Amino acid sequence: MRDAVGDDVGAWPVGEPGFWRRVVERLGTAVLVLDTAGRVIAANPATERLLGRTTAAMRGADAHDLLHRDADGNKVPRDRCPLLHALAEGKGAQGEGGTYLRADGRLLAVTWSASPLMEDGSVKGMALLFTDATGDRRIHRERTARTRALEDLNERLSLVAEITEVLGQTLETDEALARLVRLLVPRLADWAAVDLRTGSGEVHRVAVTGPEGWDAGFQGRRAPAPGEAGEGEAGEGEDSPLGRALTGGESVLQERVAAVTPAAGHPPLAALHSGFLAAVGASSAVTVPLGARDRITGALTVVRTDPAHPFDEDDLAAVSDVGRRVGVVIDNTRRYGRQRAVAEAMQRNLLAPLPRHGPLRLAARYQPAPVGSQVGGDWYDAFILKDGALALVIGDVVGHDLTAAAGMAQLHGILRSLAWDHTGPPGAVVDRLDAAMPVITTVPLATLILARVEGDPDTGPWTLRWTSAGHPPPLLLSPDGTACYLEAGQGLLLGTGPVGGAGRPDATHPLEPGSTLLLYTDGLVETPGSDLDTGLEELRRHALALVHEPLDRLCEDMLAHLPPGSSDDVALLALRVPPP
103 MRDAVGDDVG AWPVGEPGFW RRVVERLGTA VLVLDTAGRV IAANPATERL
153 LGRTTAAMRG ADAHDLLHRD ADGNKVPRDR CPLLHALAEG KGAQGEGGTY
203 LRADGRLLAV TWSASPLMED GSVKGMALLF TDATGDRRIH RERTARTRAL
253 EDLNERLSLV AEITEVLGQT LETDEALARL VRLLVPRLAD WAAVDLRTGS
303 GEVHRVAVTG PEGWDAGFQG RRAPAPGEAG EGEAGEGEDS PLGRALTGGE
353 SVLQERVAAV TPAAGHPPLA ALHSGFLAAV GASSAVTVPL GARDRITGAL
403 TVVRTDPAHP FDEDDLAAVS DVGRRVGVVI DNTRRYGRQR AVAEAMQRNL
453 LAPLPRHGPL RLAARYQPAP VGSQVGGDWY DAFILKDGAL ALVIGDVVGH
503 DLTAAAGMAQ LHGILRSLAW DHTGPPGAVV DRLDAAMPVI TTVPLATLIL
553 ARVEGDPDTG PWTLRWTSAG HPPPLLLSPD GTACYLEAGQ GLLLGTGPVG
603 GAGRPDATHP LEPGSTLLLY TDGLVETPGS DLDTGLEELR RHALALVHEP
653 LDRLCEDMLA HLPPGSSDDV ALLALRVPPP
């Protein structure tokens, strides 16, 4: 019989005395033989070479006490030694990551395997084989370091992507910055601060957050803004990281923050920066500009307080990327804020004063959308017609910002002109408006109610005649505590095309003494996540509870109780018929 390499197996002296001892002595793998108490009985030459110890020096010694150490060189408690557990249970065991102590004091990383030595069914000891795993451990450390570096990179990229997504969901500067610092702390830093340039030549600290969240104690501080890059002589404080970020668009990494207390002679900007770092106990900091070099709106500073985990160049790159993106967002929100202010001013200026019409009482309110939402095109109007009737208008232009406000202004003027001398039904006026809209306005779509209050201006009785172009129905409150929606007279939205030969529908309803009529836009009844029927029922119940309040008080309370989550502007026009 021959083995795999062609040698004659029968030629090996397996039965010869001392054969297996010679095999063990020639093995390249270290072998220790232990008795049942864990003491060394024998060791082969490979063990002596690996441990730097002679067999004579090891024989009789407790193997665990002699050799077993943790990664720092400390003795391992006996109850935590897997080899002793295996010996006590008479079972085989193996392990990686163990550490043995060489005679010269160096630590040896090992991989080991142990098998019980049995005779007549009882354990007589243990054979322990082990190899040098130092190279394997180094490879493992390098692999772990690479994995950790990839994980850190992925975390930074994920954070930048999340910041970009979250900041894109708002058009309001304060909300954008609040979201930013909440994302940075504690995922990237222990503290974060945002300083913005103001139009008055100052740097204003507008947002600070730390381990406990938003910190108002550091906010509101100001310092003179440094000169812009390229303006000639540098402004004060430009040598500080904050000044360098604001003037030159430079991102600054402070891997080790020196414990410097701001002195009285420090430039204000440098004092603002160093004072903050000292107050929060910064050990490392990164300061980056917000925006690009040609349009820097402010600076972002992030801080770590643990000296064992300072910021590095990779962190600097990630925070710089965040700064560029945030700068664009802030620039956009400021532009939007200016546009919004113009749109709101235009809307308010176009809402004409309400007329007096005999004993009839009118009240109206316009409320812009919440900050951060888009400006709509809601409006109301009331004016006396040529024949003495009172015209009431409520409308909503589809669109946003200045486009919606401009469209509302166009419809407002055209409708007044068309309705003033027209004595026919409101539907005919709205038909003419619908035909003119695509020709002389930029409005794509709009909803509208045009109503006439007809009757003797002084004594009544009064009748409401109206038409609706896709608008929510008027709500009529009776003094007896009942309320109903006037759902007749409904037609298509303005801008959807010709209605047909029959013209728009009209409806009429008597206005009894003491009744109250409410015309409103959809922002009063529509809330994200809720259906329109629920909103209409809430409006009806709330209005009934206020039916006996003065008309101005009723309008104020209606707007004060807008549904939470509303993101639309609201126009409200109320008419009250005098009691008998």
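Letter 389 of the sequence shown, counting from 1, is numbered 491 in our numbering, and no numbers are missing.
Beta carbons are placed, not taken as given, at the ideal position from N, Cα and C, and that holds for glycine.
None of these values were measured; they are calculated from a predicted model.
According to DSSP, residues forming a beta bridge with residue i
{"i": "residue 55", "result": "Residue numbering for the chain in the displayed model covers 103 to 682; residue 55 lies beyond these limits and cannot be assessed."}
{"i": "residue 177", "result": "171"}
{"i": "residue 392", "result": "400"}
{"i": "residue 483", "result": "495"}
{"i": "residue 235", "result": "None, per the DSSP bridge assignment."}
{"i": "residue 201", "result": "171, 211"}
{"i": "residue 586", "result": "578"}
{"i": "residue 464", "result": "677"}
{"i": "residue 593", "result": "571"}
{"i": "residue 138", "result": "None, per the DSSP bridge assignment."}
{"i": "residue 164", "result": "141"}
{"i": "residue 506", "result": "None, per the DSSP bridge assignment."}
{"i": "residue 564", "result": "613"}
{"i": "residue 686", "result": "It is not possible to answer for residue 686, since the shown part of the chain is limited to 103 through 682."}
DSSP state of residue i mapped onto helix, strand, coil
{"i": "residue 664", "result": "coil"}
{"i": "residue 373", "result": "helix"}
{"i": "residue 345", "result": "helix"}
{"i": "residue 511", "result": "helix"}
{"i": "residue 650", "result": "coil"}
{"i": "residue 681", "result": "coil"}
{"i": "residue 556", "result": "strand"}
{"i": "residue 547", "result": "coil"}
{"i": "residue 224", "result": "strand"}
{"i": "residue 625", "result": "helix"}
{"i": "residue 416", "result": "helix"}
{"i": "residue 640", "result": "helix"}
{"i": "residue 304", "result": "strand"}
{"i": "residue 607", "result": "coil"}
{"i": "residue 529", "result": "helix"}
{"i": "residue 219", "result": "strand"}
{"i": "residue 108", "result": "Low per-residue confidence applies at residue 108: pLDDT is 41, beneath 50, and the placement is therefore not dependable enough to give any value."}
{"i": "residue 617", "result": "coil"}
{"i": "residue 312", "result": "strand"}
{"i": "residue 423", "result": "helix"}
{"i": "residue 291", "result": "coil"}
{"i": "residue 672", "result": "strand"}
{"i": "residue 133", "result": "strand"}
{"i": "residue 188", "result": "helix"}
{"i": "residue 380", "result": "helix"}
{"i": "residue 386", "result": "strand"}
{"i": "residue 331", "result": "Low confidence applies here, because residue 331 scores a pLDDT of 39, under 50, leaving its location unreliable and the question unanswered by this model."}
Which listed residue (the options) has its alpha carbon closest to that of residue i
{"i": "residue 357", "options": "379, 224, 348", "result": "379"}
{"i": "residue 573", "options": "178, 218, 547, 557", "result": "547"}
{"i": "residue 310", "options": "150, 375, 490", "result": "375"}
{"i": "residue 540", "options": "589, 596, 498", "result": "596"}
{"i": "residue 280", "options": "325, 294, 290", "result": "294"}
{"i": "residue 399", "options": "405, 391, 180", "result": "391"}
{"i": "residue 296", "options": "650, 158, 405, 633", "result": "405"}
{"i": "residue 535", "options": "514, 561, 555", "result": "514"}
{"i": "residue 165", "options": "141, 408, 653", "result": "141"}
{"i": "residue 124", "options": "159, 497, 145", "result": "145"}
{"i": "residue 236", "options": "204, 276, 219", "result": "204"}
{"i": "residue 662", "options": "313, 583, 645", "result": "645"}
{"i": "residue 264", "options": "216, 619, 428, 401", "result": "428"}
{"i": "residue 139", "options": "180, 214, 560, 348", "result": "180"}
{"i": "residue 308", "options": "278, 127, 680, 233", "result": "278"}
{"i": "residue 219", "options": "377, 212, 213, 229", "result": "229"}
{"i": "residue 648", "options": "627, 579, 327, 586", "result": "579"}
{"i": "residue 670", "options": "323, 660, 626", "result": "626"}
{"i": "residue 126", "options": "215, 231, 162", "result": "231"}
{"i": "residue 381", "options": "467, 360, 369", "result": "360"}
{"i": "residue 175", "options": "156, 410, 162, 201", "result": "201"}
{"i": "residue 300", "options": "610, 312, 212, 401", "result": "401"}
{"i": "residue 568", "options": "552, 511, 505, 328", "result": "552"}
C-beta neighbour in chain C for residue i, strict 9 Å
{"i": "residue 549", "result": "Structure shown: chain C not included; a single protein chain is present."}
- Query: Between the segment 153-173 and the segment 183-193, do three or more beta carbon pairs fall short of 8 Å?
  - Reply: Result yes; three or more Cβ-Cβ pairs closer than 8 Å.
inquiry  = Can you confirm whether the segment 526-546 touches the segment 482-492 when touching is taken to mean that 3 or more C-beta pairs between the two stretches lie within less than 8 Å?
reply    = The segment 482-492 is not in contact with the segment 526-546.
Could you check whether the segment 626-642 touches the segment 458-465, counting it as contact only if at least three pairs of C-beta atoms, one from each stretch, sit closer than 8 Å? Verdict: no, contact absent.
The segment 385-401 touching the segment 415-424, judged by at least three CB pairs closer than 8 Å: Yes, the segment 385-401 touches the segment 415-424.
Would you call the segment 121-135 in contact with the segment 147-156, where contact means no fewer than 3 C-beta pairs closer than 8 Å?
Taking 8 Å as the limit for Cβ pairs, the verdict is that the segment 147-156 does touch the segment 121-135.
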